[in-house]
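S.K.: Please see the structure below; I have some questions.
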Amino acid sequence: MSFDRSIKIAPSILSADFANFGAEIRAIEDQGADWVHIDVMDGHFVPNLTFGPPAVKAFRPHVKTVMDVHLMISPVDLYIDAYADAGADILTAHIEAGPHIHRTLQAIRGTGMKAGVALNPGTPADAIEHLLDLADLVCVMTVNPGFGGQKYIDMTDKVRRLRSMIGDRPIHIEIDGGMDPTTAPLMAKAGADVLVAGSAVFRGGSVDNPAVYGDNIRAIRASTQD
Ligand code: DX5
Ligand code: ZN
1 MSFDRSIKIA PSILSADFAN FGAEIRAIED QGADWVHIDV MDGHFVPNLT FGPPAVKAFR
61 PHVKTVMDVH LMISPVDLYI DAYADAGADI LTAHIEAGPH IHRTLQAIRG TGMKAGVALN
121 PGTPADAIEH LLDLADLVCV MTVNPGFGGQ KYIDMTDKVR RLRSMIGDRP IHIEIDGGMD
181 PTTAPLMAKA GADVLVAGSA VFRGGSVDNP AVYGDNIRAI RASTQD
């Protein structure tokens, strides 16, 4: 995985057809997705449940780009090796998921995966000040995690602040929640380079009508390029 700050669209398969993940992943990649975002929820850290390591491992052969795994689970450390074995390229843990995020990021990198740290809307940018040398990605939540299709919460100031804290370090700023062609340009301007989008990518399309996914991805990308 080489590093660059160009805009990357990462569809979240949380909005895909849960009975057809392989074909959905192939469809979004054929239609221009840069990364594939996988939302892991445990029914404890967030009030919703999705899938675990065996499912993520089954997705792996279908992902040709980057498998970006967002853990909304607590605790995290017990499961890091299982997600490495499942083939995650990037593993992101929430700073709010436990008392030892520093150790968690070290452990993620120790497996060879890239390490991400996610911040809930109520968590300030400064919380990652002492983690910058351990993170490859900072995920700024623009909804409270747990569900797709929620209303965007503006985090422009936080993203701007993170962008200046990061400086020249090779750390991605990813935005997760409520990204569409009206909100994506705000985040791109503030300094984000990875935009996760679930409902705004999958809306109106299907594996039988994948061109809609392509239209939706292009509309989000184009909105950031004005
Ligand atoms: C929220 C998830 C997001 C979600 C985004 O807990 O982390 O990735 O799927 O969905 P939309 O784009 O519909 O807000
Ligand atoms: Zn996510």
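The numbering of the sequence shown is my numbering, which starts it at 1 and goes up by one.
For glycine and all other residues, C-beta sits at the position ideal for the given N, C-alpha and C.
If you're wondering where the values come from, they're calculated on a predicted model, not measured in any experiment.
1) Would D291 and K8 be called neighbours here (beta carbons separated by less than 8 Å)?
2) By a C-beta neighbour count over all protein chains shown, 10 Å radius and 16 as the cutoff for buried, is K151 buried or exposed?
3) If you measure between the beta carbons of P11 and V36, is that distance less than 8 Å?
4) Tell me the start and end of each unbroken beta strand (DSSP E) in the stretch 183-220 that is at least 3 residues and wholly inside, in chain order.
5) Using 7 Å as the cut-off, classify the Cβ of V196 as near or not near the heavy atoms of the ligand ZN, replying yes or no.
6) Between which two residues does the beta strand (DSSP E) containing L119 stretch?
7) So I220 and M165 are supposed to be a Cβ contact under 8 Å. How far apart are they, rounded?
8) Tell me whether I9 sits in a helix, a strand or coil according to DSSP, three-state version.
9) Could you give the uninterrupted runs of the beta strand (DSSP E) lying entirely in the stretch 59-108, keeping only those of 3 residues or more?
10) Take the Cβ of F275 as the centre, count every other Cβ of all protein chains shown within 10 Å, and call the residue buried at 16 or more, exposed below.
11) According to DSSP, is V252 helix, strand or coil?
12) For the pair the stretch 20-31 and the stretch 60-68, tell me if three or more CB-CB distances fall below 8 Å.
13) Could you work out which residue in Y83, N120 and K114 is closest to V56 when comparing CA atoms only?
14) Sort out for me which residues DSSP pairs M41 with in a bridge.
15) Just to confirm, does H94 get its C-beta within under 7 Å of one of the non-hydrogen atoms of the ligand ZN?
16) Spatial neighbours of L131 within its chain, please: CB distance less than 7 Å, with the 5 preceding and 5 following residues excluded, ordered by chain position.
M.R.: According to the structure shown:
1) The chain is shown only over 1 to 226; residue 291 falls outside these bounds and no answer can be derived.
2) exposed
3) yes
4) 194-197
5) yes
6) K114 to L119
7) In fact, because the Cβ distance is near 26 Å, the residues do not count as touching under 8 Å.
8) strand
9) 67-72 and 90-94
10) Not covered by the structure: residue 275. The range shown for the chain is 1 to 226.
11) The structure shown does not extend to residue 252, since the chain is modelled only from 1 to 226, so the question has no answer here.
12) yes
13) Y83
14) M72
15) no
16) I101, H102, L105 and V117
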